[in-house]
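Residue numbers (this note's numbering): 110 to 368.
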């Protein structure tokens with residue numbers, strides 16, 4: 110009994126001097142593991158939400174570079190229509206936004222801001238390390254979170270590449286040209302989708318109306334010519350996405366037209 114009591118005192122003394130036992134360490138590891146798991150599950154939704162917001166912001170910047178910032182509406186300027194407004198087609202890849210894809214005369218890039226590309230190539234990778242998906246269309250997709258986060262440039266390609274413009278000519282006193290419309294012809298110039306410019310013409314009706322279709326979004330110069338006297342007037346028209354008809358009154362004073 111004395112021997113047993115002595116051993117008990119020895120073990121107690123050993124534990125006190127040796128610090129934590131193996132069992133104590135294992136218990137501590139298990140506790141820390143449980144705490145860290147609970148903490149991770151608690152902050153994970155915040156991490157995912159933060160990543161989603163970052164991805165959405167980056168995709169919005171890419172979308173503006175491709176097709177412009179249509180939140181500006183009628184306040185958009187020539188530089189607000191992005192790659193599509195200058196070229197008349199979608200870029201084949203994000204690389205076309207930084208480098209002229211084929212010596213295009215109408216390319217006016219780079220379309221991505223310098224402050225957006227401080228990390229070279231980083232703007233093309235989502236917060237989870239996956240490349241943003243884009244294939245010359247109207248959607249940009251982030252897949253790194255395990256679910257698809259999609260940014261839609263427009264409802265469909267036609268909303269950006271096949272817009273119609275309807276225009277109306279009025280004389281200085283507000284009256285339509287009437288029979289004198291036979292002397293009028295309207296011409297519009299726009300990017301052809303291959304790096305050059307194309308033009309279309311339209312006849313003017315007796316009530317002063319004419320229209321163009323199949324235009325990419327952008328700001329275009331429309332010239333109306335009076336064929337007999339050669340008098341002309343020119344106006345800039347905005348082709349906004351999804352607009353099947355944009356009416357613009359053009360006031361003209363032509364020598365051979367009874368306005």
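We treat Cβ as the ideally placed atom computed from N, Cα and C, and that holds for glycine.
Predicted, not measured: the structure shown is a model, and the values here were computed from it.
In chain order, what residues of the same chain have a beta carbon less than 8 Å from the beta carbon of residue i, not counting five sequence neighbours either side?
| i | result |
| --- | --- |
| residue 313 | 278, 286, 290, 293, 294, 295, 319, 333 |
| residue 209 | 216, 218 |
| residue 201 | 210, 245 |
| residue 336 | 292, 293, 294 |
| residue 266 | 199, 246, 247 |
| residue 238 | 253 |
| residue 345 | 328, 329, 330, 331 |
Residue i: beta carbon under 8 Å from a heavy atom of the ligand GTP?
| i | result |
| --- | --- |
| residue 266 | Absent from the structure shown: the ligand GTP. Ligands present: none. |
Rounded to whole angstroms, how far is the Cβ of residue i from the Cβ of residue j, which I believe are closer than 8 Å?
| i | j | result |
| --- | --- | --- |
| residue 304 | residue 212 | 7 Å |
| residue 199 | residue 328 | The pair is not a contact, with the Cβ atoms about 18 Å apart (cut-off 8 Å). |
| residue 193 | residue 326 | 6 Å |
| residue 220 | residue 206 | 5 Å |
Please return the same chain residues whose Cβ sits closer than 7 Å to the Cβ of residue i, not counting the five positions on each side in sequence.
| i | result |
| --- | --- |
| residue 236 | 160, 163, 164, 253 |
| residue 298 | 306, 308, 329, 330 |
| residue 214 | 304, 305 |
| residue 240 | 233, 234 |
| residue 181 | 189 |
| residue 195 | 215, 216, 217, 300 |
| residue 141 | none |
To which residues of the same chain is residue i closer than 6 Å at the C-beta, ignoring the five residues directly before and after it?
| i | result |
| --- | --- |
| residue 242 | 250 |
| residue 302 | 197, 198 |
| residue 322 | 273 |
| residue 271 | 323 |
| residue 396 | Residue numbering for the chain in the displayed model covers 110 to 368; residue 396 lies beyond these limits and cannot be assessed. |
| residue 269 | 176, 193, 263, 326, 350 |
| residue 288 | none |
| residue 257 | 250 |
Exposed or buried, which one is residue i when buried takes at least 16 other CB atoms within 10 Å?
| i | result |
| --- | --- |
| residue 175 | buried |
| residue 262 | buried |
| residue 306 | exposed |
| residue 348 | buried |
| residue 172 | buried |
| residue 317 | buried |
| residue 343 | exposed |
| residue 133 | exposed |
| residue 170 | buried |
| residue 158 | exposed |
| residue 131 | exposed |
| residue 137 | exposed |
| residue 311 | buried |
Counting contacts by CB-CB distance shorter than 9 Å, is residue i in contact with chain C?
| i | result |
| --- | --- |
| residue 240 | Note that chain C does not occur in the displayed structure, where there is just one protein chain. |
What residue ranges within the segment 195-282 form continuous beta strand (DSSP E) runs of no fewer than 3 residues, ordered along the chain?
-> The segment 195-282 contains these whole beta strand (DSSP E) runs: 248-251, 258-261, 272-280.
| query | Can you give, in chain order, each stretch of the beta strand (DSSP E) that sits fully within the segment 281-307 and has at least 3 residues? | reply | Correct list: 293-300.
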